[in-house]
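These notes concern the structure reproduced below.
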Amino acid sequence: MRSKLLVGPLAGLFFLPFLLLALLAVGEDWRFPAALPPAYSLAAVRSLLGAGNDLLAGLGRSLLLAGTVAVVATAGGFGLARAIARSAWARHWEVASYLPYALPPVLLAVLIQPFIIRLHLSGSVGGVLLGLLLVALPFATLLLRSFWTQQATEYEQLARTLGCTPGQALHQVLLPLAWPRLRTALFQTFLLAWFDFGLTNVLSVGKVRTLTVQVFAYVGEANASLAAVASLLLLLPPALLLRLNRAALLRKTP
């Protein structure tokens with residue numbers, strides 16, 4: 001009974017930021033101490049379709065970067081976690097995986113910027129992608145490291161003993177067993193790349209305007225309406241992924 005009473009207030013707290021952003025997106029001349037906007041307009045929303053506004057292009061770039069980072073980091077992390085589990089220096093490699101998080105993202109971007117320039121990737125989507133992978137790949141590796149226990153190794157050996165090729169053992173045994181962790185890694189690395197600002201802003205040198213970068217730009221310009229619209233777009237994919245991930249986690253097995 002007590003938990004049911006908490007559902008309403010918690011749901012209200014969850015949806016309150018979305019409501020505030022929606023009011024900012026359609027409200028005009030909303031100033032303190034007014035509780036609600038005195039007038040409403042869809043001009044900021046209509047500007048999404050205008051030729052002079054690149055919010056939709058920023059949304060596409062963000063989806064491309066975050067989706068690519070999620071897939072590559074999860075696949076690479078799965079293989080690296082397996083290699084670490086079988087290495088005699090497993091503990092040392094695990095410690096090394098934490099090194100990208102010993103520095104703030106902006107400082108990390110400044111340190112790797114010379115290498116990005118030497119690769120002729122400065123100010124490009126490829127350079128930003130490479131920088132994000134340097135952060136997301138160790139994260140996925142650490143997240144998937146817990147899968148490669150002695151039990152997983154025994155399952156793989158059993159499949160090989162029964163006649164499976166290495167590819168069959170991977171696709172028919174290991175991947176189904178690891179899918180809950182892989183799904184979590186995909187979700188987490190997507191969010192990591194999706195909400196990144198500091199590293200993307202430094203490595204892109206203003207040329208790769210992702211949705212997160214645009215939100216900060218609109219806030220700096222004091223353009224509350226476009227900042228609110230961009231923020232709603234920024235929150236939409238993670239909210240959908242959270243819903244899908246929740247449904248998958250709560251799905252009953254027969």
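In this text, residue positions in the sequence shown follow UniProt numbering: the first is 1, and each later residue adds one. Cβ atoms here follow ideal geometry from the backbone N, Cα and C, with glycine treated the same way.
- V135 is a Cβ neighbour of P100, given a cutoff of 8 Å.
- The alpha carbon of S41 has as its nearest neighbour, out of A35, G163, L242 and L24, the alpha carbon of L24.
- Within the stretch 111–166, the complete alpha helix (DSSP H) segments of 4 residues or longer fall at 125–144 and 150–161, listed in chain order.
- Residue environment analysis places G60 among the exposed positions, since fewer than 16 neighbouring C-beta atoms fall within 10 angstroms of its C-beta.
- Leaving aside the five residues that flank L111 on each side, the residues in its chain whose CB is nearer than 8 Å to its CB run, in chain order, L103.
- Taken through DSSP and simplified to helix, strand or coil, G58 comes out as helix.
- Counting the other Cβ atoms within 10 Å of the Cβ of V95 gives fewer than 16, which makes it exposed.
- Around T210, the same chain offers G58, R61, S62, L65 and T200 as residues with beta carbons nearer than 7 Å, after the five sequence neighbours per side are excluded.
- In the DSSP assignment, A39 is bridged to E28.
- Shortest Cα-Cα distance from S47 to any of L241, K207 and A230 involves A230.
- A185 has its alpha-carbon roughly 15 Å from the corresponding atom of L132.
- When DSSP states are grouped into helix, strand and coil, G220 belongs to the helix group.
- Here D196 is buried. Its C-beta has 16 or more other C-beta atoms within 10 Å.
- It is roughly 6 Å from the alpha-carbon of P105 to the alpha-carbon of G198.
- By the Cβ rule, the stretch 215–230 does not count as touching the stretch 161–171, because fewer than three pairs are nearer than 8 Å.
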